[in-house]
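Only one structure is covered here, and it is reproduced in the block below.
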Amino acid sequence: MRSTFTSFGYREIQTPMFENLELFTAKSGEGIIEEIYAFKDKGGRDLALRPELTAPVMRFYVEKLQMEPKPLKLFYFGSCFRYDRPQKGRYREFQQAGCELIGTNTTEAYAELIALAYLLLKNIGLTNINVNIGNLTILSAVFDRLGLSKDQRKHLIPLIDKSLFDDVQTVLSECGLEPKKAQDFVTFLQTSDKEKIKKFVKGDPVAENEFTNLEKMLDLLGSSFQIKNYQIKLSIVRGLDYYKGLVFEIEAPILGAEKQLCGGGAYELVPLFGGTDVPTVGFAIGFDRAILALETEKFSFPKKQLDAFVIPVNEEMIQKSLQLAQILRQNNVTVDVDLLRRGVGKALKYANTLNVKTVLLVGPKELETDSVTLRDMKTGNQELVKISDVLSKVKNM
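In our numbering, the protein residues as written are 2 to 398.
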């Protein structure tokens, strides 16, 4: 993931594991206190273990990075904490990977961001993932056209988020909406057909303009990044209070109900934290859930493997063994040394459990000719090798 981020020109940053509680209540409201680990420190300050990383990164940007040239491309990995009921792929402490793109809102910037999220997951080995793309500006424009109040929207959003479309239709009827309009809206939420969406938003300048830009971005996603397996999903309603415009999610169907791996979009947080307004967009990936998806897909994780294991055959050979190991380490060879003074047989058995490629036996007879015995752990073959040739021999193996 790190190499994929850097290949797109992103730079890694780190923020503290705890922040002022106010940072998260400003972003998500007082209700979030019930979902996070919040506490007072010895100075009586209200603090919280970070439940996500976007707000801390935006605080960092406002305090330290506002004068940096734009766009700013920042990525991160870190532990986050939620006071939640643990379940499959959902832990109270979890790893998050993500990024923020600050200073641009062009269609090409959005296309590149979604491509980055997709490739992060493909490059780690996942084979079956889907991209869903929505737009909250279009959804808000439709809400306006339907004459829905703020309270009515708040009632509808959780139902839309959970795809409870029958309930959505019921609530719309209770709001006094004609059955035909309610049905058309529910159909609009569920369709991925561009022509049907165009027809539905026709006559609404805001929604029409936003959908035109969405189409341009999707064209770039296909033509420039060769990503075809996406669908428009206008029922994505991530954090409507601060997300604006583009929103997207990536899911792994193999995980069932808890299938979402990635969520992101364009948002407005900088002014909330006292900074000058600037376009911001980003995403976060549930690192633990991505690993779970790989396991479910029966991904073959690479085994950890040491390049060499050095065995002193007696106590007098310890100093020379440590010196040899250090020479190898200084030349980027991963090495361990037997530190228990066990016999050669037991040391070889231990080396086998470490999945070691090569064992170097350091004994008095070998040292008389400035040599050591090199054992290939895969074949069992042994040969006498000059100490001056050990490095090249081990690297070749």
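Beta carbons: idealized from backbone N, C-alpha and C, even for Gly.
Among the options, which one has its Cα closest to the Cα of residue i?
i    : options                   : result
H156 : Y77, V336, D168 and N397  : D168
I319 : R330, G364 and T277       : G364
F25  : I37, I14, T16 and I237    : I37
P72  : R60, G104, F95 and Y62    : G104
K163 : Q261, D85, S224 and L66   : Q261
N315 : L293, L340, Q306 and N332 : L340
A39  : A27, S29 and P52          : P52
T403 : Q96, E367 and A294        : Here the chain comprises residues numbered 2 to 398, so residue 403 is not present and cannot be evaluated.
E101 : Q88, L120, L75 and A118   : L75
L219 : V238, K200, F95 and S193  : S193
S141 : K396, L368, I255 and Y244 : Y244
T396 : S174, V338 and R330       : Correcting the residue identity first, residue 396 is Lys in this sequence and not Thr. For K396, the nearest C-alpha among the options comes from R330.
Y62  : L114, T16, L48 and P87    : T16
D278 : M68, S236 and A183        : M68
G275 : K197, R93, R12 and E23    : E23
Taking the alpha-carbon positions, what's the residue i to residue j distance?
i    : j    : result
N230 : A291 : 18 Å
I233 : D289 : 26 Å
T108 : N131 : 20 Å
I14  : A253 : 27 Å
S8   : P70  : 19 Å
A98  : G32  : 25 Å
T138 : C81  : 29 Å
R91  : R83  : 9 Å
T380 : M398 : 12 Å
K180 : T171 : Here the sequence assigns Pro to residue 180, which means Lys is not the residue at that position. The alpha-carbon atoms of P180 and T171 are separated by roughly 9 Å.
C176 : F189 : 18 Å
K387 : M18  : 51 Å
T5   : C263 : 16 Å
L120 : I34  : 34 Å
V271 : G30  : 16 Å
I161 : S236 : 6 Å
R154 : L173 : 10 Å
I12  : R342 : Contrary to the premise, residue 12 reads as Arg rather than Ile in this sequence. When rounded, the distance between both Cα atoms is 45 Å.
Assuming residue i is part of the alpha helix (DSSP H), what are its boundary residues?
i    : result
R60  : T55 to F61
E296 : F288 to T297
I228 : From DSSP, I228 is part of no alpha helix (DSSP H); its letter is neither H nor E.
N21  : Element bounds for N21: not the alpha helix (DSSP H) but the beta strand (DSSP E), F19 to N21.
V187 : P180 to Q191
Y111 : T108 to N124
T171 : F166 to E175
Quick check on residue i: buried or exposed, where buried means 16 or more other Cβ atoms within 10 Å of its Cβ?
i    : result
Q383 : exposed
N136 : buried
N133 : buried
L385 : exposed
E211 : buried
F310 : buried
K195 : exposed
P313 : buried
G246 : buried
K65  : exposed
K200 : exposed
K28  : buried
E367 : buried
E317 : exposed
S224 : exposed
E296 : exposed
S150 : exposed
Could you check where the beta strand (DSSP E) with residue i kicks off and where it finishes?
i    : result
A309 : A309 to P313
K1   : Shown here, the chain extends from 2 to 398; a query on residue 1 therefore has no answer.
N136 : N131 to N136
I251 : Y244 to E252
F76  : L73 to F82
T359 : T359 to V363
Q385 : Looking at the sequence itself, residue 385 is Leu, so the reference to Gln does not match. Run containing L385: Q383 to K387, per the beta strand (DSSP E) assignment.
| field | Inter-stretch contact (C-beta, 8 Å, three-pair minimum) for the stretch 373-380 and the stretch 354-364 | value | yes
| Taking one C-beta from the stretch 105-124 and one from the stretch 305-325 each time, how about it: are there three or more such pairs within less than 8 Å? | No contact exists between the stretch 105-124 and the stretch 305-325.
| said: When you compare the stretch 199-215 with the stretch 140-160, are there three or more beta-carbon pairs, one atom per stretch, that lie closer than 8 Å? | reply: yes
| said: Does the structure place the stretch 53-73 close enough to the stretch 275-284 that three or more beta carbon pairs sit under 8 Å? | reply: yes
| task | Check whether the stretch 294-302 touches the stretch 344-354, counting contact only when three or more Cβ pairs, one atom from each stretch, lie closer than 8 Å. | result | Using a Cβ-Cβ distance cut-off of 8 Å, the stretch 294-302 and the stretch 344-354 are not in contact, since fewer than three pairs of beta carbons, one from each stretch, lie closer than that value.
| request: Could you say if the stretch 324-336 and the stretch 388-396 meet the contact criterion of at least three C-beta pairs nearer than 8 Å? | output: yes
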